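Asker:
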Amino acid sequence: MTADSGNTSVLVPQPLSDELEQLVQEAVSIDVKELLAEDGLPELDERTGRPKVLKAYVVHADPKMTVVPNFLSDEEIKHLLELSEDYWVQSMVGTGVYKTNDESKDLQNKPSPNRTSYSCMLRSSQTDLVRDVEFRLAQLAGIQVDYLERLNMVRYEPGQLFNRHHDGRFRPKTVFVYLNDLPENAGGETFFPNLGIKFVPRKGCAVMWSNVLGPGVDDERTIHQGLPPRTGIKFGVNCFFNDKPIKQMEAARISQEEDGLRARAARLGCKTFDPEQLFRDDVRELLPGQIRAFSLNQEPKLSVIPGFLNEDEASALAAMTQPAESRPVIDESCFARIEQKMALVAGLPQVNMEPLKGAQDEVLIEEFFKKGDILKAADCYYHTIVYCRDLTQNPQYYPDLKHTQEQRQSSKDLCESVFTNLALCQLKYAATFGTTASEERTKVLKEGAKSASEALKLNPKNAKALFRRAAATASLAQGNSNNEEAQQLCLEARADFLQVIEVDPQNREARVELKAVQELVKALKREEAEGEKKGWLRAEAAPWLQVNGATKCVVHMRCSTVAAEGSHSAPVTLSFILGDPDMHEGFHVAVKSMTVGEVASFTFSPSRFRATGSLVKLLPSTKEAQAKPSVWEITFLKYVTWEDLDCKGQRLRKIHSEGYGPFPEHLAEIFVHWKVVGPDNSLLHSSRYTLSMGADSGMSQVEDEDKPAPSYVLGEGAWEPISTLCRSLRQGGAGELWMRCLPAMPVQESLGNGMDASAQLSMMLNKAKEGASQDSLEHCVVRVELEKVVPPLAGPSDARWEGPSSVVQERFRAAQLLEKGDENAALARLRRVAAWCPQLSASEGASVSRDLGEARSGIGWILACRAAPILDSGSVTSDLIALAKKDLAEAEAHCKWLEVNHPDLAGTRLLRSKILLALDDDFAGAHEQLLEAQRSAPDNKTVQLSARHLESRRT
């Protein structure tokens with residue numbers, strides 16, 4: 001550690017930017033204090049000061065975010081802070097470009113205004129207590145402690161921060177532990193802007209997350225920032241798990257005593273150590289059952305343990321080297337004791353060891369392997385499995401053996417090893433068939449995957465079994481002619497290879513195989529998307545041509561006319577639905593006979609050119625082709641299958657990436673970029689459009705990739721294609737919607753809240769360019785990128801709830817929608833108001849009593865207006881009449897409640913008049929109610945319109 005040579009400067013807390021402040025306010029606050037309030041305080045261990053049982057809470061599923069209260073005890077926190085005292089230095093930030101797999105070469109630590117806190121790096125295993133904390137962190141993360149970097153203590157004084165950052169793709173996991181509490185509402189939270197969550201600092205609480213989607217692939221969803229404390233000093237500790245065994249690689253500082261030993265060893269040159277002499281020279285007394293280890297070298301670490309095996313254990317292992325027929329009787333319980341001691345001194349779980357018991361039995365199999373006799377080796381493994389399984393599951397059949405439960409467990413462990421090796425035999429045998437698909441090869445590979453799966457049932461973290469199952473599955477994918485099945489097999493192999501790398505980050509072979517699987521997936525997807533196989537219009541593709549089919553095929557082609565002298569017209573690129581009557585029959589016939597990428601010439605008779613409409617107007621020389629035979633050169637670019645939403649060829653959907661998190665709810669605020677592309681791939685409009693002034697003072701439209709996405713409320717005024725697509729996407733998702741006839745481009749008020757003046761001018765330019773014709777909006781594609789989803793306010797239980805003012809705002813929004821004529825959207829808002837008010841306290845409920853009355857009168861009015869014309873009509877179905885009566889019954893219930901609780905409201909009288917007209921055409925009664933409504937609200941437009949409407953009906 002390095003002492004801080006300068007004076008600590010105190011920052012004056014600065015307010016957050018408006019945008020960041022809004023994001024932080026909207027974020028879901030996760031406070032471990034609230035979690036513990038629900039479950040109760042844990043029972044503490046008097047010796048350690050920590051809970052007897054550590055409880056982890058998964059607070060976010062994807063990516064997985066875990067919170068562990070009381071991870072560190074008060075004593076441990078005090079110790080860590082004492083180690084850091086007087087050693088704080090300015091925090092650094094790693095900057096650079098990833099070029100190699102070594103972040104120490106690619107990144108340089110430098111001071112940065114983006115990180116203004118202080119840090120202190122502890123030494124690995126600096127004290128016994130630090131070592132305990134490190135091993136506990138490794139257990140929590142499920143990663144060996146060798147991959148844990150040195151603990152990085154941090155201190156944030158008021159105003160100090162760490163702006164948005166990612167912990168690095170070389171760090172698979174991060175655990176951050178808060179070391180003190182801050183005053184309430186003092187800031188200092190850890191904020192994840194892409195997830196919309198923030199963690200409140202609570203003493204001893206640990207927060208864990210993953211930084212990667214896979215090896216070396218950043219998960220940008222876990223970008224986060226340390227918000228500045230407004231008051232108080234925040235202490236914490238960063239615990240980073242590296243993708244390399246950093247403890248073995250780092251040049252750790254060592255004590256003066258260790259320096260002296262190393263210098264002495266260097267002077268002496270090579271030295272012979274006698275374990276027995278080391279043991280005799282050590283005068284410390286050993287307790288029964290203890291062993292003593294002597295460290296001979298620190299880097300790499302080399303230790304010697306005199307007397308590790310007792311005489312019986314050494315004899316038992318030696319006997320295993322003898323032939324089975326002359327082997328003496330062995331007490332097999334000693335193998336379990338040896339394995340336990342080995343795991344103890346290695347500091348690794350015992351399940352990671354290959355069992356010792358099968359050592360001699362495998363000598364014979366090793367000989368078969370060396371000779372290349374794979375079938376005999378596999379046969380040995382089969383017999384071993386049969387025996388070990390029977391011995392484990394049916395010990396009553398072997399009374400003479402008198403095996404203990406511990407020995408039967410050893411037999412079970414041996415099963416895991418044998419299944420793993422049997423999978424290797426099956427893989428080697430399958431390799432003798434080459435890569436050509438055959439029934440026998442497929443059968444053997446499936447057996448290999450099954451054998452590895454049996455081993456994984458016994459130990460899910462068996463890296464060898466995971467690798468072998470992945471290899472078998474990947475080989476099955478390579479020989480599978482069914483694209484969909486091959487892709488599914490690749491996904492399974494990819495998942496296993498990723499697990500191998502997680503268990504064994506240094507497994508280079510797994511990384512190579514993973515890359516090969518990923519390349520195969522890309523090739524399969526290209527084959528699927530672009531139809532690279534010949535015979536693309538196969539028998540199973542027939543549903544594409546069905547008018548009412550759920551799948552449609554969109555063909556992309558480039559065409560030009562060929563004149564008699566051989567000259568070509570300017571080529572035109574078009575996309576159209578295969579079989580669509582809006583495209584000339586000649587082009588359908590042509591592409592059906594072609595393969596993707598093929599260029600061919602066709603002569604069409606005029607009878608093949610009978611289509612009309614906007615699509616064929618984009619073709620060259622259409623009129624001439626309708627009058628006499630014409631020659632065309634066609635390039636079949638690609639074909640793409642789409643989902644037909646209505647099975648009528650009117651709306652097709654293609655989801656490229658579904659995204660993550662929940663689907664947006666009705667009334668959710670969505671931040672989305674969108675563009676409209678014509679059938680000739682021309683860009684008609686983009687939400688990223690901005691105006692650019694050229695040198696000649698002319699205006700042009702360009703796309704600005706950094707432009708913020710406009711926002712919309714789902715279900716309220718958002719353009720129909722955008723709403724349709726966004727309901728099928730999650731945050732971060734992308735998709736396309738093809739429409740035969742696109743609705744009119746949105747007007748200014750529905751362009752979205754983020755649509756600036758430049759974009760509005762761009763829209764105006766497009767409208768002027770399009771003119772009055774609707775042709776340019778036919779056969780178009782709307783492309784959508786859903787950047788962010790903000791769920792709608794859920795009510796008083798929502799962290800964003802602002803009390804009665806939230807009720808008032810909701811009702812006011814409903815009134816605006818009702819005034820615009822959007823009754824369905826208004827009804828949804830009013831129902832929310834009616835549901836929220838009963839959940840408020842008595843005092844809050846009283847303050848919004850009138851708002852509740854207005855909401856219920858609005859609900860009743862919309863329902864009665866919806867029901868009245870249906871009940872008045874004489875040509876509607878019984879189902880519609882039943883729905884109208886249901887609406888009117890609900891309106892009546894609201895009206896009765898209003899007459900009891902709010903008889904003075906104009907809405908009460910207005911609703912009663914509407915119900916009287918709908919039920920009985922009681923003009924007199926309705927007129928009387930309207931007069932009362934006019935007296936209480938003479939300026940109410942709805943009352944005035946209703947009065948005029950009633951008068952016109954009476955006359």
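Position 481 (the sequence shown) corresponds to 481 in UniProt numbering; numbering is contiguous. Beta carbons are placed, not taken as given, at the ideal position from N, Cα and C, and that holds for glycine. Just so we're clear, the structure is a prediction, and the values are computed from it rather than from any experiment.
1. Do Ala918 and Leu898 have their beta-carbon atoms positioned less than 9 Å apart in this structure?
2. Does the distance from the C-beta atom of Leu489 to that of Thr473 stay below 9 Å?
3. In terms of residue numbering, what span does the beta strand (DSSP E) encompassing Arg651 cover?
4. For the stretch 658-671 and the stretch 619-626, state whether three or more C-beta atom pairs, one from each stretch, are separated by less than 8 Å.
5. DSSP three-state call for Gln225: helix, strand or coil?
6. Ordered along the chain, which non-local residues of its own chain (more than five positions away) have a Cβ less than 7 Å from that of Glu892?
7. Can you list, in chain order, the residues of its chain with a C-beta nearer than 6 Å to that of Glu454? Leave out the 5 residues immediately preceding and following it.
8. Taking only the alpha-carbon atoms, compute the straight-line gap between Ala343 and Glu313 and give it to the nearest angstrom.
9. Do you know offhand how far Pro215's Cα is from Ser295's?
10. By Cβ distance below 7 Å, which residues in the same chain neighbour Trp674 in space, the five residues on each side in sequence not counted?
11. Would Met739 count as contacting chain B if we go by Cβ distances under 9 Å?
12. With a threshold of 7 Å on Cβ separation, who are the neighbours of Gly187 within its own chain once the five nearest residues in sequence on each side are excluded?
13. Quick check on DSSP: helix, strand or coil for Phe923?
14. So Asn901 is in the alpha helix (DSSP H); what residue range does that whole segment cover?
15. Does DSSP put Ala826 in a helix, a strand or coil?
16. Between the stretch 22-31 and the stretch 181-201, do at least 3 Cβ pairs fall closer than 8 Å?
17. Could you compute how far the alpha carbon of Lys234 sits from the alpha carbon of Lys78?
18. Going by the beta-carbon positions, is the gap between Arg850 and Arg829 smaller than 9 Å?
19. Throw me the rounded Cβ distance for the Leu818 and Gly860 pair, which I believe falls under 8 Å.
20. Using DSSP's beta-bridge definition, name the partner residues of Met583.
21. At which residues does the alpha helix (DSSP H) containing Thr231 begin and terminate?
22. DSSP state of Asp644, grouped into three classes?
23. Give the range of the beta strand (DSSP E) segment to which His736 is assigned.
24. How many Å lie between Ser73 and Val503 at the Cα?
25. What separation, rounded to the nearest whole angstrom, lies between the Cα atoms of Glu75 and Lys341?
26. Suppose you measure from the CA of Arg912 to the CA of Asp879; what does that come to, to the nearest Å?
27. Examine the ligand GTP and report whether any of its heavy atoms sits within less than 8 Å of the Cβ of Leu498.
28. Which same chain residues end up closer than 6 Å to Lys534 when comparing Cβ atoms and leaving out the 5 residues on each side of it in sequence?
29. With a CB to CB cut of under 8 Å and the five nearest residues on each side skipped, what residues in its chain are close to Ala864?
30. Give the C-beta separation of Arg441 and Ala452 to the nearest angstrom, bearing in mind that I take them to be a contact with Cβ-Cβ under 8 Å.
31. Whose C-alpha, out of Gly795, Leu667, Glu38, Ser630, is nearest the C-alpha of Glu565?
32. Just to confirm my understanding: we take Glu134, look at its own chain, exclude 5 residues before and 5 after, and list those with CB closer than 6 Å. What are they?
33. If you draw a straight line from the C-alpha of Ala799 to the C-alpha of Glu844, how long is it?
34. How long is the line joining the alpha carbons of Cys239 and Phe176, rounded to whole angstroms?
35. State the start and end residues of the unbroken beta strand (DSSP E) segment that holds Lys110.
36. Can you say whether Arg651 is buried or exposed, counting buried as having 16 or more other CB atoms within 10 angstroms of its CB?
Answerer: Taking the geometry as given:
1. Cβ atoms of Leu898 and Ala918: not closer than 9 Å.
2. Their beta carbons are under 9 Å apart, which means Leu489 touches Thr473 by this criterion.
3. Note, Arg651: beta strand (DSSP E), 651-657.
4. No, because fewer than three Cβ pairs between the stretch 658-671 and the stretch 619-626 fall closer than 8 Å, the two stretches do not touch.
5. Correct three-state label for Gln225: strand.
6. Same-chain partners within the cutoff: Ile915.
7. Cβ neighbours of Glu454 beyond the five flanking positions: Phe419.
8. About 16 Å.
9. C-alpha separation (whole angstroms): 34 Å.
10. Cβ within range, chain order: Ser687, Ile722, Val782, Arg783, Val784.
11. In the structure shown, chain B cannot be found, because there is only a single protein chain.
12. Result list for Gly187: Leu227, Pro228, Pro229, Arg230, in chain order.
13. Of the three classes helix, strand and coil, the one that applies to Phe923 here is helix, per DSSP.
14. Under the DSSP assignment, Asn901 falls in the alpha helix (DSSP H) whose first and last residues are 878-901.
15. DSSP places Ala826 in helix when its eight states are reduced to three.
16. Contact holds: three or more Cβ-Cβ distances are below 8 Å.
17. Taking the straight line joining both Cα atoms gives about 14 Å.
18. No, the Cβ-Cβ distance between Arg850 and Arg829 is not below 9 Å.
19. Not a contact, Cβ separation roughly 13 Å.
20. Within the DSSP secondary-structure output, Met583 pairs in no beta bridge.
21. Note, Thr231: premise wrong, no alpha helix (DSSP H); not H, not E.
22. Asp644 falls in the strand class under three-state DSSP.
23. Correcting the residue identity first, residue 736 is Glu in this sequence and not His. Taken as a continuous stretch (DSSP letters only), the beta strand (DSSP E) holding Glu736 covers 734-741.
24. Straight through space, the alpha carbons of Val503 and Ser73 are spaced by roughly 29 Å.
25. Going from the Cα of Glu75 to the Cα of Lys341 covers about 31 Å.
26. Approximately 25 Å, taken between the alpha carbons.
27. With respect to the ligand GTP, the structure offers nothing, as it holds no ligand at all.
28. Interpretation of Lys534 is limited by its pLDDT of 46, a score under 50 that renders its predicted location unreliable; no figure is taken from the coordinates.
29. Its chain contains Asp887, Leu888, Ala891, Leu911, Lys914, Ile915, Ala918 as the residues whose beta carbon lies nearer than 8 Å to that of Ala864, once the 5 sequence neighbours on both sides are disregarded; these appear in chain order.
30. Arg441 to Ala452, Cβ: 17 Å. No contact.
31. The residue with the shortest Cα to Cα distance from Glu565 is Ser630.
32. Residues Val145, Leu148 of the same chain have their beta carbon placed closer than 6 Å to that of Glu134, with the five preceding and five following residues left out of the count.
33. The straight-line gap from Cα to Cα measures roughly 17 Å.
34. Roughly 6 Å between the two C-alpha positions.
35. Run containing Lys110: 107-110, per the beta strand (DSSP E) assignment.
36. By the Cβ neighbour-count rule, Arg651 is buried, with 16 or more other Cβ atoms within 10 Å of its own.
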